[in-house]
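Peer 1: If you scroll down you'll find the structure; I have some questions about it.
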Amino acid sequence: MRIALLGATGRSGQELVPALLDRGYRLNVLVRDPAKLVAVPNGTNVITGSSDAPDVLDRLLTDVDVVISALGPDKKDPTLQSRTAEVLIPAMERHGITRFIGISGEGVDLPGDNKNLVAKVVTFGIQHIAGAMVQDKFREYELFTASNLDWTLVRPPRLKQGRATGRITHGAHDATGSSTITRADLAEFIAELTEHPDYLQQAPFVAGI
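Residue numbers (the numbering used here): 234 to 442.
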């Protein structure tokens with residue numbers, strides 16, 4: 234299986250690359266600066282460019298089975314997530330790709346959510362500190378829900394550095410974990426989603442315990 238990974242040189246993307254390679258996947262990675270790639274294994278295709286450029290995405294999605302986005306929030310470009318989705322969704326349809334997994338955030342409120350006190354505090358803080366980026370994440374969610382793709386938008390709390398512990402909790406609507414999760418644990422959870430059709434057309438919470 235070949236996977237397209239957006240945001241491969243970000244902090245979450247750097248955890249996703251080994252998590253996916255360890256499972257035997259081949260990668261097409263999209264980066265803005267190839268020099269930031271720590272290592273490029275044989276068989277990995279590196280595409281340089283912007284995630285909201287149609288011609289760049291067409292190269293990224295060539296011969297791909299699954300698309301994963303590790304694009305992080307950018308205070309200098311708070312609408313990057315939705316702009317990327319606007320271009321990525323039709324590009325995936327052109328290439329006949331249906332499976333998408335992306336990183337959203339616990340601060341995005343959706344109907345049916347049941348958050349514990351910790352998650353409510355995290356949500357309050359994120360929405361007040363980074364309101365524009367949270368709004369853009371919600372716009373991204375709206376774009377995917379309007380599509381016919383088998384999408385999953387994972388909603389973690391605050392991300393931190395650290396090894397994978399395997400001590401996580403996740404659920405479609407229940408946010409019951411702690412206020413943080415390691416990027417390595419998040420990467421392992423996303424890598425598992427590429428192998429199992431869980432949370433299709435849903436935005437599950439995932440957090441450390």
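Every residue gets a Cβ at the ideal spot worked out from N, C-alpha and C, and that includes glycine.
Am I right that A241 and A286 are in contact with their C-beta atoms under 8 Å? What's the rounded C-beta distance?
Peer 2: Numbered from its first residue, the sequence shown carries residue 241 at position 8. Numbered from its first residue, the sequence shown carries residue 286 at position 53. In this structure A241 does not touch A286 by the C-beta definition: roughly 16 Å separates them, more than the 8 Å allowed.
Peer 1: Leaving aside the five residues before and after S245 along the sequence, list all residues of the same chain whose C-beta is less than 8 Å from its C-beta, in chain order.
Peer 2: If you number the sequence shown from 1, residue 245 lands on position 12. Cβ within range, chain order: A303, G305, I336, L392, R416, L419 and A420.
Peer 1: Do three or more CB pairs link the segment 313–322 to the segment 360–373 at distances below 8 Å?
Peer 2: yes
Peer 1: In chain order, what are the residue ranges of uninterrupted alpha helix (DSSP H) at least 4 long that sit wholly in the segment 332–398?
Peer 2: 350–362 and 364–378
Peer 1: Does the distance from the CB of A324 to the CB of L294 come in under 8 Å?
Peer 2: In the sequence shown, residue 324 corresponds to position 91, counting from 1. In the sequence shown, residue 294 corresponds to position 61, counting from 1. Yes. Within cutoff.
Peer 1: Assuming A405 and P437 make a contact with CB atoms under 8 Å, what is their CB distance in whole Å?
Peer 2: One-based indexing of the sequence shown puts residue 405 at position 172. One-based indexing of the sequence shown puts residue 437 at position 204. Yes, they are in contact, since the Cβ atoms of A405 and P437 sit about 5 Å apart, within 8 Å.
Peer 1: Just confirm the distance between the C-beta atoms of I322 and L376, as a whole number of angstroms; I'd bet it's less than 8 Å.
Peer 2: As a position in the sequence shown, residue 322 is number 89, starting the count at 1. As a position in the sequence shown, residue 376 is number 143, starting the count at 1. Confirmed, about 6 Å.
Peer 1: Is it buried or exposed for G276, if we count other Cβ within 10 angstroms and need 16 for buried?
Peer 2: As a position in the sequence shown, residue 276 is number 43, starting the count at 1. It counts as exposed.
Peer 1: Grab the span of the beta strand (DSSP E) containing R416 for me, first residue to last.
Peer 2: Along the sequence shown, one-based indexing puts residue 416 at 183. Not the beta strand (DSSP E): R416 falls in the alpha helix (DSSP H), residues R416 to E428.
Peer 1: Which residues in the same chain have their Cβ closer than 8 Å to the Cβ of I401, if we skip the five residues on either side of it in sequence?
Peer 2: As a working mapping, residue 401 is identified with position 168 in the sequence shown. Excluding positions up to five away in sequence, the list reads G410, I414, D418, F422, V439, A440, G441 and I442.
Peer 1: Does the beta-carbon of R396 have 16 or more other beta-carbons within 10 angstroms, so that it is buried, or is it exposed?
Peer 2: In the sequence shown, residue 396 corresponds to position 163, counting from 1. Exposed, because fewer than 16 other Cβ atoms sit within 10 Å of the Cβ of R396.
Peer 1: Quick one: residues in its chain with C-beta nearer than 8 Å to the C-beta of I236, no 5 flanking neighbours on either side, listed in chain order?
Peer 2: Reading the sequence shown from its first residue, position 3 is the one you call residue 236. Around I236: L253, Y258, R259, L260, N261, V297, D298, V299, V300, I301 and T427.
Peer 1: Could you tell me the boundaries of the beta strand (DSSP E) in which G404 lies?
Peer 2: Position 171 of the sequence shown holds residue 404. Per DSSP, G404 belongs to the beta strand (DSSP E) from I401 to G404.
Peer 1: For the beta strand (DSSP E) containing V300, name the first residue and the last one.
Peer 2: Position 67 of the sequence shown, counting from 1, holds the residue named residue 300. Note, V300: beta strand (DSSP E), V299 to S302.
Peer 1: Using 10 angstroms around the beta-carbon of P365, count the other beta-carbons present and answer buried if the total reaches 16, otherwise exposed.
Peer 2: Taking the sequence shown and counting its residues from 1, the one referred to as residue 365 is at position 132. Strictly speaking, residue 365 in this sequence is Ala, with Pro absent from that position. Looking at its Cβ environment, which holds fewer than 16 other Cβ atoms inside 10 Å, A365 is exposed.
Peer 1: Determine whether the beta carbon atoms of V320 and S412 lie at a separation below 8 Å.
Peer 2: If you number the sequence shown from 1, residue 320 lands on position 87. If you number the sequence shown from 1, residue 412 lands on position 179. No, these two residues do not count as a Cβ contact at 8 Å.
Peer 1: Answer yes or no: do G282 and L263 have a C-beta to C-beta separation smaller than 8 Å?
Peer 2: Your numbering for residue 282 matches position 49 in the sequence shown. Your numbering for residue 263 matches position 30 in the sequence shown. Taking 8 Å as the Cβ cut-off, G282 and L263 qualify as a contacting pair.
Peer 1: Please state if the CB of V279 and the CB of L270 are separated by a distance shorter than 8 Å.
Peer 2: Translated into positions along the sequence shown, residue 270 becomes position 37. Translated into positions along the sequence shown, residue 279 becomes position 46. A contact, by the Cβ cut-off of 8 Å.
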